[in-house]
Every structure is written in structure tokens, then in C-alpha cells.
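A short worksheet on the structure shown next.
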């Protein structure tokens with residue numbers, strides 16, 4: 013690992029732990045060179061990493077300032093397990109099986125005819141209140157030890173532990189009217205509007221590992237733009 017990446021990760025840990033407070037001034041480059049025994053060029057590369065990932069911003073003639081969590085959390089690939097880590101998050105599994113990949117999924121996952129997918133549907137609840145209904149497909153060829161027990165925890169963590177990397181999650185977001193079954197699972201009125209997010213989760217080298225249709229109980233979205 014390059015030294016500037018290591019320094020950037022250490023600074024991120026300090027920011028996320030609250031050692032550096034939101035909107036607070038980060039120490040100058042000279043101080044950081046001494047703190048990390050690094051050159052000024054290395055420190056600037058590390059700070060550039062933090063800026064790109066939304067942790068800090070610079071003000072001309074003033075220095076670097078720490079951003080509040082909403083600036084960088086929105087840029088991260090977070091799961092429900094991450095977002096509700098301190099709450100009572102649970103799962104109710106509706107369906108778990110292995111199916112042959114359809115023509116559509118053969119193309120989507122770049123599989124050969126006859127290959128199979130895990131298919132599951134589950135409700136995610138916080139304090140026994142439904143927050144999402146997920147329907148997911150994953151290649152059996154990538155996850156030969158996957159089973160229903162994994163659905164009661166974070167499937168994303170399972171994927172990360174298996175391959176040690178997830179490169180990105182492409183999301184397509186749209187409003188949908190809930191059918192009677194989905195409305196019942198989410199404890200909403202039939203035909204009420206909700207947000208549906210289609211996730212395509214990729215491993216390194218753009219290998220599609222998971223395709224999920226996530227229907228949320230809520231119908232709003234928070235977004236952040238940084239100039």
C-alpha cells in the first residue's frame with residue numbers, strides 16, 4: 013500500500029471517530045508532514061484522496077476543513093446493516109431457492125446456458141417495522157457456500173468476506189405504485205407510491221455479483237451535491 017493511501021486511511025479513521033470534528037480546521041501540511049513522517053508531496057496526495065471522497069474541503073488562503081458525515085456517507089457503498097448498525101435490524105425471509113438463469117439473466121450476468129442463480133426475497137425490519145422488501149439474484153458459480161442463514165445478516169458483508177472487494181454498486185431509482193402483496197409486506201396502502209432501487213453490485217473487473225430490486229417503505233430520497 014502506498015504511504016499516502018495509508019495516511020489518508022488514518023485521517024479518515026480520525027474523522028469518523030470524531031477526533032476531528034465536523035467543520036473543524038484540519039492541521040496544516042507542515043504539521044501533518046511531521047505527524048506522519050512524510051514528505052509534503054505525500055501529504056498533499058493523501059489530502060487529495062480525502063477531498064475526492066468527501067471527507068474534507070479546502071478554502072483558499074484558509075486551509076482544509078472537515079466535512080460533516082452526510083458529505084461523505086452518501087458517497088460510500090453502504091448497506092442497511094451499516095446504516096442501522098446501532099438499531100434492531102432484522103430480516104424475514106419470504107423465499108430462498110436456486111433457479112436456472114433466464115435469457116435475460118444469462119446476458120446480465122454473462123453466464124452460460126444451464127447455469128444457476130440464487131434467488132431470494134426478504135423483508136428488512138428496524139425495531140420490527142418494515143423498511144425494505146428485497147428481491148435478489150446471485151450466481152451460484154460465484155458463491156458455492158451461500159445459504160439461507162446468510163439472509164439474516166448482511167449479504168454485502170458476506171460478499172466482501174468472500175472476495176475482499178466490491179468495486180461499485182450501480183443504482184437506478186424510480187417511483188413505483190405498490191401492488192397489494194408488496195403493500196402488505198411493507199404495511200402500506202395498496203397503490204401508494206414508494207421508492208424502488210435497482211442495485212447492480214460488481215466485484216473488481218466488473219463481474220456482476222448481485223442484482224437486487226429493493227422496494228422501500230418510504231417514498232423520499234436525500235441527495236447531496238458538492239460544488
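Numbering (the working numbering), first residue to last: 13 to 239.
Ideal Cβ placement from N, Cα and C applies to all residues, glycine included.
1. Distance, Cα to Cα, residue 60 vs residue 74?
2. Select from 182, 79 and 213 the residue whose C-alpha is nearest the C-alpha of residue 2.
3. Identify the continuous beta strand (DSSP E) that holds residue 64 and give its terminal residues.
4. When burial is assigned at 16 or more other CB atoms within 10 Å of the CB, is residue 210 buried or exposed?
5. In terms of residue numbering, what span does the beta strand (DSSP E) encompassing residue 215 cover?
6. What three-state label does DSSP hand residue 183 in the structure shown?
7. What residue range does the beta strand (DSSP E) around residue 174 cover?
8. Can you find the residues in the same chain that come closer than 6 Å, C-beta to C-beta, to residue 225, ignoring five residues on each side of it along the sequence?
9. Use the C-beta contact count for residue 25: other C-beta atoms within 10 angstroms, 16 or more gives buried, fewer gives exposed.
10. When you compare the stretch 136-143 with the stretch 153-164, are there three or more beta-carbon pairs, one atom per stretch, that lie closer than 8 Å?
11. Using 8 Å as the cut-off, can you tell me whether the stretch 183-202 makes contact with the stretch 108-116, which would need three or more C-beta pairs spanning the two stretches below that distance?
12. Could you name the residues that DSSP lists as bridge partners for residue 43?
Taking the definition as stated:
1. As a first step, residue 60 is located in the chain shown; it is residue number 48 there, counting from the start. As a first step, residue 74 is located in the chain shown; it is residue number 62 there, counting from the start. Going by the C-alpha atoms only, they are around 16 Å apart.
2. This structure cannot speak to residue 2, because the chain is shown only from 13 to 239.
3. Position 52 of the chain shown, counting from 1, holds the residue named residue 64. Element bounds for residue 64: not the beta strand (DSSP E) but the alpha helix (DSSP H), 52-64.
4. Here residue 210 is taken as the residue at index 198 of the chain shown, counted from 1. Per the 10 Å Cβ criterion, exposed.
5. The residue you call residue 215 lines up with position 203 of the chain shown. That run of the beta strand (DSSP E) goes 205-215.
6. Here residue 183 is taken as the residue at index 171 of the chain shown, counted from 1. Three-state result, residue 183: strand.
7. Locating residue 174 in the chain shown gives position 162, counting from the first residue. Run containing residue 174: none in the beta strand (DSSP E); it sits in the alpha helix (DSSP H), 167-175.
8. Residue mapping note: residue 225 aligns to position 213 of the chain shown, counting from 1. Only 147 and 210 meet the Cβ criterion.
9. Taking the first residue of the chain shown as position 1, residue 25 is located at position 13. Exposed, by the Cβ-count rule.
10. no
11. no
12. In the chain shown, counting from the first residue as 1, residue 43 sits at position 31. DSSP output for residue 43 lists no bridge partner at all.
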